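Residue numbers (numbering that gives the first Met the number 0), protein chains in the order written: chain A, 0 to 591; chain B, 0 to 326.
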Amino acid sequence: MGREEVWAKWEKERPKAENAIWDWAPGYELIPEVDVPIHHSLFLDGTHSCPPMDHFSAYEYWARGCAHGMKYVDSLLSMPRSEGHEGRVKDGAIYWIYYIIRDEKEIREREAKFKEALKPFLEDFDGIWEKNKQELQRIYQKLLDFNPEKARNIDYIRLHWDCMESIFRVWEIHFIGMHTSYAAWVLLEEECKKRFGLDDKSEDFQDMFRGFDNEIYRVDKEMWELAKIASEMGLSEVFKEKSGEELASELQLTNKGKEWWQKFMDFLRVRGWRSISSISIADPYWLEVPSVPLEKIRGFIVRGEVSRKDYILDERRKEIAKRREAAINKLMEKIPDAEKAWFRSLINLAQKASSYSEEHDYFCEMMHCAVLRRSYLCIGKWLAENGCIDRPEDVIFLVSPEIEMCILVPRQNDMRWITRRRRAQWEQWRARFAKEGEFRPPVYTDRANIQEAVALDLLPSMHPVFIKIVVGELPTVSAEEIGADIVGICGCPGVAEGRARVILRYQDLDQLQPGEILVCPQTNPEWTPAFGIAAGIIANRGGTLSHAAIIAREYNVPTIVNTFVACEKIKTGQRIRMDASKGAIYILDKEQ
Amino acid sequence: MTKRGFPVPPGFAISIEFYRKFLKESGAGEEMAQYIEKVGDVKRRGVGVFEEMSRTFQEIIEQRPMPPHLQELIAYYYKELCQRVGIPDVAVSVRSAGTESRPGMFSTYLNVRGIEEVVKHVKKVWASAFTSRAIAFRVAKDIPILGDELGVGVVKMVKAKVSGIAFTVDPITGDTSKIIIEANWGLGEGVVSGAENVDKFVLEKDTLKILEKVVGKKSRCVMMKEKGVEWVNVPSEKQDVVCLNDEEIVEVAKLAKHLEECFGCPQDMEWAIDEEMPFPKGLFLLQTRPAKFESVSDQIAEKIVSLFRDLDLSKVADKIRDIRFTF
């Protein structure tokens, strides 16, 4: 029998094979019959599992790496009721199991340690984050220093191990900043609720966290500056007429174009290590798809923003910073003298939650994913050249022990029987997702329903990160109660009226016209440049510490998030009015 | 007490090593150790056992004579001090100085004159490590009963016109941007004891700008008598008058700030201004230690812990329609 026939025969008979339990992620594949009786509930990570993930990313990056980060930091800080979460993989999705501590005595002991562990972060959050950023840069530079031209098999295995080590370390750093800053945010919100009836959706609260720069905005500004240069060099028309994909070749046709292209490449060499998804190494980074940043630069020109003297955020920031100080003073006036010192300090720390939310995305996720992808494509090329896999990209269908096995002796190993099978599986999941939407159940549980599962197996962890991103993000009133068509929560206060533009992918952002209200599923840093011209933003998902809200507050654009249904209910062209402070959306011409 | 260019009154220090020598050579150490063995476990025995232990230990230390060569050493340094300042039988304060500061736990004796008195009070300082309160504290913290071995500072008494304390942090709020000074006429005891109404000044640490001046009704203060010190009434014309002028306030604050910079943490210090010396020469540092206060981060950390303990999430579970994480 030829090799292919052997594989096909095994594939057919696999369900009956003697030791066939896990094939892909030993110990991590979700087996409901075994996992549910022990852990009761496993929750789908719907944000990161869409669309269905490749095997390497799901297993190594998420199930192993992310779970490690959470477990490690929960132990490091001695989170009173949580020991982290564990990942399971199924159908290209990650499911989380929450490790909840329920013994009261143990909780008290951990509380005392948690209090002490928090203090260094309360005293010098910025210092710690700065050090961690430097460590991240060193980690990434080491990986980028790998030179495939000169590498031998022994260099490739080292690269693989360095990558694996980086996965665990970067996730640790990721969570260290989140736990502490989010804890402060939640505390500040509780204090404001108790004392002033304010929560984190009200204008007076949100104003305190605005007017801060971060790395993502700096990159946006660099792109705006490149757009200005292009305009000054007389290239505006080219940018307006050609799409991001076409511009690369178009600009090579003229001297001015080539000159500008050099400047763009200088920018990209530094800023191009940036994944477009930061979820999976299957997704490209900017250096691979320059059309993505080009499209953003193009957007500045198309929207006429290059005629501004100053970058829009720099302009708005002055005003916003004034509002911030006024909001803080207004609040501080109401605080008794004896409490002013720690309250002010708490506000400072809660402000970190906002900026950390953006910065960690850039440094811990987007850059890391890009550098990992580059490394594994090098490994993939090495394997493919030696006949071990069909093509370099297929490396994403292998997991770490498998890579380890074949990387020193690729000619001796034929991994195609694995990669072909898994690729077919992945493509099947994606096709189904594209057709049906989310087909994986939101939870595997033996509790009565999802509410009970959440109440018993998630919330008792009292984890500031989970609380912030899962709980407390729901509108407190229904649409009927306030006479609105749709409700959500306030991401950035303000009122706006205009024509709606429903955009489902950031690649279509150039359709947005100035003064329109952008309606989208949710946003990430790829969407930021559009915030400058939208009159308002409405998102299906998101919370007060999600990108849409933080960015909106810096751009000062009225924003409503977590509506669940806006993209489905609103049609492009409809006139709508939004009152963000109320979380209310009114569709003014329903006949369309 | 370190002398890194700080204005401390002349004096000398008796080391912990000296104390250990006393314990060994006088036999006091042996006797105390035997007593501890006899008493056995003290943890759950009630306050009575501490009081009895205290009486016993203090008696042992104070009754056992100072071994001759140790007595000679103290006499030597005391004589040298008298010569240095040109005053025979100079009045000194005999102060506790441990390796770990426990504010207010050990004794200080003021206006002590003559070698006999000095030696007597050195032993009294050592003995002050064995008040029932101090013993109980050590037992509760699992520190050995003989654990607090004290150094002793013998320092020339300042003829104080004005004295007081200074904190380089607001001890109530944990605000590290301020310097707080309290002052009264006479000796520092008039402020340290916390009993009387005194003058209070608040400065901004960075700029040394005076933010607040509160003049207290200083009806009583502490002055030196023949031996020791006493509380006296302040003449009525001085009671409502501020006891430090602006220049003096800033000078005291500067001293406090330098101490904080030197030790790297907020300080709780005692100072005095000599009535005979031209300002700023007469400003002396008498004592300093790390300030005990609940830092701002302490307070916040405590509240975060309480918050997550008391958060009631039971109502929220019902409202969850969809548990996709909102990033």
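Cβ coordinates follow ideal geometry from the N, Cα and C atoms, glycine included.
A quick note: this is a predicted structure, and the numbers were derived from the prediction, not measured.
With 16 other Cβ atoms within 10 Å as the buried cut-off, status of residue i
i	result
Asp-40/B	exposed
Arg-107/A	exposed
Gln-350/A	buried
Ile-537/A	buried
Pro-36/A	exposed
Thr-543/A	buried
Val-91/B	buried
Ile-577/A	What sits at residue 577/A in the sequence shown is Met, not Ile. Result: buried.
Lys-23/B	exposed
Ile-584/A	buried
Glu-164/A	exposed
Val-72/A	buried
Arg-53/B	Per the sequence presented here, residue 53/B reads as Ser, with Arg not at that position. Looking at its Cβ environment, which holds 16 or more other Cβ atoms inside 10 Å, Ser-53/B is buried.
Met-268/B	buried
Lys-130/A	exposed
Run of the beta strand (DSSP E) containing residue i, from where it starts to where it stops
i	result
Pro-513/A	Element bounds for Pro-513/A: n/a, residue is neither H nor E.
Glu-496/A	494-501
Ser-40/A	40-43
Phe-166/B	159-166
Gln-521/A	Run containing Gln-521/A: none; DSSP gives neither H nor E here.
Glu-181/B	177-184
Lys-132/A	Element bounds for Lys-132/A: not the beta strand (DSSP E) but the alpha helix (DSSP H), 103-143.
Val-111/B	107-111
Ala-583/A	583-586
Cross-strand partners of residue i (DSSP beta bridge)
i	result
Ser-92/B	Val-154/B
Arg-574/A	Arg-498/A
Ala-92/A	Lys-89/A
Phe-11/B	Val-153/B
Cys-220/B	Val-231/B
Tyr-284/A	Ser-274/A
Gln-266/B	Pro-289/B
Thr-543/A	According to DSSP, Thr-543/A bridges with nothing at all.
His-84/A	Tyr-97/A
Asp-273/B	Ala-159/B
Asp-413/A	Answer is none; Asp-413/A lacks a bridge partner.
Asp-198/B	Ala-182/B
Ala-538/A	Cys-519/A
Ile-86/B	DSSP, once it has assigned bridges, lists no residue as partnering Ile-86/B.
Residue nearest to residue i in terms of C-alpha spacing, selected from the options
i	options	result
Met-156/B	Arg-132/B, Glu-274/B, Leu-243/B	Glu-274/B
Ile-559/A	Glu-567/A, Gln-521/A, Ile-153/A, Ser-165/A	Gln-521/A
Pro-234/B	Cys-220/B, Gly-152/B, Ala-271/B	Cys-220/B
Phe-278/B	Glu-259/B, Glu-250/B, Glu-269/B	Glu-250/B
Phe-263/A	Glu-221/A, Ala-24/A, Arg-343/A	Glu-221/A
Asp-169/B	Glu-293/B, Ser-305/B, Lys-302/B	Glu-293/B
Trp-270/B	Glu-260/B, Lys-123/B, Gly-187/B, Lys-78/B	Gly-187/B
Arg-498/A	Glu-479/A, Lys-570/A, Pro-289/A, Leu-508/A	Lys-570/A
Ser-296/B	Asp-265/A, Ile-127/A, Ser-344/A	Ser-344/A
Phe-641/A	Val-518/A, Leu-186/A, Asn-539/A	Because residue 641/A is not part of the residues shown, which for chain A are 0 to 591, the question remains open.
Lys-467/A	Trp-160/A, Cys-65/A, Thr-179/A	Thr-179/A
Val-93/B	Ala-300/B, Lys-177/B, Met-104/B, Trp-125/B	Trp-125/B
Glu-50/B	Lys-160/B, Asp-205/B, Lys-78/B, Arg-132/B	Arg-132/B
Chain A residues whose Cβ lies nearer than 9 Å to that of residue i
i	result
Gly-307/B	In the sequence as presented, Gly is not what sits at residue 307/B; that position holds Phe. Correct list: Met-78, Pro-79, Arg-80, Glu-110, Phe-113, Ala-182, Val-185, Leu-186, Met-461, His-462, Pro-463, Ile-466.
Ser-313/B	Ala-454, Leu-458
Thr-172/B	Asp-336, Ala-337, Glu-338, Lys-339, Ala-340, Trp-341
Asp-297/B	Lys-114, Lys-118, Leu-121, Trp-341
Leu-210/B	The premise fails here: Leu-210/B is roughly 13 Å from chain A at the closest Cβ pair, so nothing lies under 9 Å.
Cross-chain neighbours of residue i in chain B, by beta carbon under 7 Å
i	result
Glu-189/A	Leu-306
Leu-345/A	Ile-299
Chain A residues whose Cβ lies nearer than 7 Å to that of residue i
i	result
Lys-204/B	Going along chain A, no residue has its Cβ under 7 Å from Lys-204/B, so there is no contact; the nearest lies around 13 Å.
Lys-302/B	Leu-186
Leu-310/B	Met-461
Residue range of the alpha helix (DSSP H) that includes residue i
i	result
Leu-186/A	152-195
Asn-328/A	311-332
Glu-338/A	336-359
Residues that residue i contacts on chain A, provided the C-beta gap is smaller than 8 Å
i	result
Leu-243/B	The contacting residues do not exist; Leu-243/B stays about 24 Å from chain A at best.
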